[in-house]
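Each number in this note's numbering comes from the position in the sequence shown (counting from 1) with 44 added on. Cβ atoms here follow ideal geometry from the backbone N, Cα and C, with glycine treated the same way. Every value quoted in this text rests on a predicted model; they were computed, and no experiment measured them. Data first, discussion second: the structure below is written as structure tokens.
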Amino acid sequence: MLVDGKWSADWQPVQKKDEKGRFVRQTSSFRNWITPDGAPGPTGEGGFEAEAGRYRLYVAYICPWASRALIARKLKGLSDLIPITVVNPVMSDQGWQFGGYPGADEDPLFGSRYIHELYTRADPHFTGRATVPALWDMKRNVMVNNESADIVRIFNTAFEHLVPSDYDFYPEALREEIDALNPRIYDLLNNGVYKAGFASTQEAYDEAVAGVFSMLDELEERLDGGFLFGDQLTETDIRLFVTLIRFDAAYHGIFKTNRRQIADYPRLSAYMEKVLRLPGVRETVNMDHITRGYYSIKALNPTRIRPVGPAHVEALLKAVGQAG
Ligand SMILES: N[C@@H](CCC(=O)N[C@@H](CS)C(=O)NCC(=O)O)C(=O)O
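As structure tokens, this is what we get:
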């Protein structure tokens with residue numbers, strides 16, 4: 045991680061832990077919002093007006109948080125307005141790196157080798173982890189936002205006047221329910237799988253894995269052929285999907301969340317496929333990057349051997365189509 049703008053050698057892919065050995069994810073630092081007229085958003089500073097070609101999204105296909113942003117970008121029709129740069133799925137000793145892997149890009153703006161260089165460019169004294177997704181303003185050369193929950197909401201509204209869309213991921217009428225369900229899914233499932241995978245005590249693992257499956261069981265009960273809140277796809281669906289699609293091929297093995305697979309849950313499986321089939325979503329799922337990335341986490345898999353992967357995941361992705 046970066047400490048006062050310098051790469052710290054004792055960086056660990058296993059993140060912070062609490063006194064019981066539980067994994068603790070850091071909070072995001074850049075929280076500005078793009079708005080139609082550049083007015084400030086709910087957090088951060090103003091001055092980030094929605095313009096085609098002004099912003100770039102740095103992502104990793106392995107990363108579920110980055111994939112939230114990728115899905116929102118695709119569904120809202122923003123691909124031509126907001127270019128992306130994809131990092132190498134294998135974490136280096138200095139965190140995310142550019143190029144050097146099929147489907148990974150070089151940094152087109154600064155020729156950086158690592159994502160952390162963007163963070164120190166944005167803030168020479170930055171202290172924290174250099175994470176993706178990162179939304180960059182190419183006009184002012186500053187970081188706009190590195191919190192995927194914000195980026196999804198930014199993409200939902202900021203460019204609507206430039207590219208009108210039928211999707212509204214955060215409709216007024218559902219906000220209360222969305223805001224109530226998001227943190228539960230986050231804590232027990234999205235981040236719950238990481239808490240299981242990076243637990244450093246049996247107790248912390250047991251607690252996390254119980255949470256993961258209690259949430260999957262609850263969602264299996266809840267789903268009835270539609271999205272989480274009925275006919276309308278919301279941000280909560282995006283946030284759930286990115287974990288489901290990684291589950292059987294990655295988390296079930298590397299994070300030891302192996303009580304069941306998504307394939308064992310008929311409704312969750314059908315739901316996952318329904319989201320995957322929405323035009324644009326399949327292109328955000330790069331299973332090669334996902335499995336290469338997770339199984340190369342040295343602390344969890346020192347040999348970095350990647351297992352062959354479940355046939356049903358391969359069959360599903362093949363049936364839905366090739367990644368774009
Ligand atoms: N709160 C952030 C979390 C992002 C995050 O943790 N990304 C991971 C990849 S999945 C990362 O970049 N980790 C690098 C590191 O921790 O050094 C968000 O949702 O945008």
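For residue i, I'd like the list of residues in its chain whose CB is within less than 6 Å of its CB, leaving aside the five on either flank, ordered along the chain.
i, result
"Ile-128", "Leu-101, Val-103"
"Tyr-309", "Glu-264"
"Asp-332", "none"
Give the straight-line distance between the Cα atoms of residue i and residue j, rounded to the nearest whole angstrom.
i, j, result
"Gln-141", "Tyr-105", "13 Å"
"Tyr-163", "Ser-136", "16 Å"
"Gly-139", "Arg-69", "15 Å"
"Asp-167", "Asp-48", "9 Å"
"Trp-180", "Ala-252", "34 Å"
"Glu-161", "Ala-193", "23 Å"
"Ala-343", "Asp-81", "45 Å"
"Glu-358", "Gly-297", "16 Å"
"Gly-88", "His-205", "22 Å"
"Arg-75", "Val-134", "27 Å"
"Tyr-339", "Ala-83", "43 Å"
"Val-196", "Ala-217", "18 Å"
"Gln-305", "Asn-345", "20 Å"
"Glu-220", "Leu-272", "14 Å"
"Ser-72", "Met-316", "28 Å"
"Asp-268", "Leu-284", "15 Å"
"Arg-286", "Cys-107", "What sits at residue 286 in the sequence shown is Val, not Arg. So the two alpha carbons sit approximately 9 Å from each other."
"Lys-19", "Met-259", "Outside the displayed range of the chain (45 to 368) lies residue 19, so it cannot be described from this structure."
"Glu-327", "Phe-170", "33 Å"
"Phe-257", "Asn-234", "12 Å"
"Glu-150", "Arg-157", "8 Å"
"Ala-261", "Trp-51", "The sequence shown places Asp at residue 261, not Ala. If I take the Cα positions, the gap works out to 42 Å."
"Glu-247", "Ala-110", "30 Å"
"Tyr-145", "Asn-302", "29 Å"
"Pro-354", "Gly-85", "43 Å"
"Glu-95", "Ala-202", "9 Å"
"Ala-178", "Val-207", "22 Å"
"Arg-184", "Val-352", "45 Å"
Assuming residue i contacts residue j (C-beta within less than 8 Å), just tell me the rounded distance between them.
i, j, result
"Thr-278", "Tyr-230", "Contact flag wrong, Cβ pair sits at about 14 Å."
"Lys-318", "Tyr-249", "Not a contact, Cβ separation roughly 32 Å."
"Ile-115", "Val-325", "6 Å"
"Met-45", "Arg-98", "At roughly 29 Å, the Cβ-Cβ gap does not stay under 8 Å, so Met-45 and Arg-98 are not in contact."
"Thr-245", "Gly-65", "3 Å"
"Ile-334", "Ala-293", "6 Å"
"Val-131", "Ile-159", "6 Å"
"Arg-112", "Ile-222", "So it is not a contact: roughly 14 Å between Cβ atoms."
"Leu-322", "Thr-280", "About 15 Å separates the two Cβ atoms, so there is no contact after all."
What do you reckon, is the C-beta of residue i under 8 Å from a heavy atom of ligand 1?
i, result
"Glu-279", "no"
"Gln-70", "yes"
"Tyr-139", "The sequence shown places Gly at residue 139, not Tyr. True, at least one ligand heavy atom lies under 8 Å from that Cβ."
"Trp-388", "The first residue shown for the chain is 45 and the last is 368, placing residue 388 beyond what the model contains."
"Ile-128", "no"
"Thr-175", "yes"
"Ile-282", "no"
"Asn-190", "yes"
"Ala-166", "no"
"Ile-306", "no"
"Ala-240", "no"
"Ala-193", "yes"
"Arg-197", "no"
"Arg-117", "no"
"Met-187", "no"
"Met-331", "no"
"Arg-112", "yes"
"Met-135", "yes"
"Met-182", "no"
"Met-316", "no"
"Met-259", "no"
Excluding sequence positions up to five away, which residues of its chain have a Cβ less than 7 Å from the Cβ of residue i?
i, result
"Ser-209", "Lys-120, Gly-121"
"Ser-123", "Arg-117"
"Phe-67", "Gln-59, Lys-61, Tyr-238, Lys-239, Phe-242, Ala-243"
"Arg-336", "Pro-133, Val-134, Arg-350"
"Leu-360", "Glu-317"
"Arg-311", "Glu-264, Leu-267"
Would you say the beta carbon of residue i is closer than 8 Å to some non-hydrogen atom of ligand 3?
i, result
"Ala-104", "Summarising the ligand content, the structure contains ligand 1 and does not contain ligand 3."
Excluding the five sequence neighbours on either side, which residues of its own chain have a C-beta within less than 8 Å of the C-beta of residue i, listed in chain order?
i, result
"Ala-174", "Met-45, Leu-46, Gly-139, Trp-140, Tyr-158, Ile-159, His-160, Leu-162, Tyr-163"
Inside the region 85-158 only - beta strand (DSSP E) runs reaching at least 3 residues: Fully enclosed beta strand (DSSP E) runs of 3 or longer: 99-103, 128-130.
Alpha helix (DSSP H) segments (min. 4 residues) lying fully within the region 215-302: 219-229, 236-241, 246-266, 279-290
Alpha helix (DSSP H) segments (min. 4 residues) lying fully within the region 312-359: Inside the region 312-359, DSSP marks whole alpha helix (DSSP H) runs of 4 or more residues at positions 331-338, from first to last along the chain.
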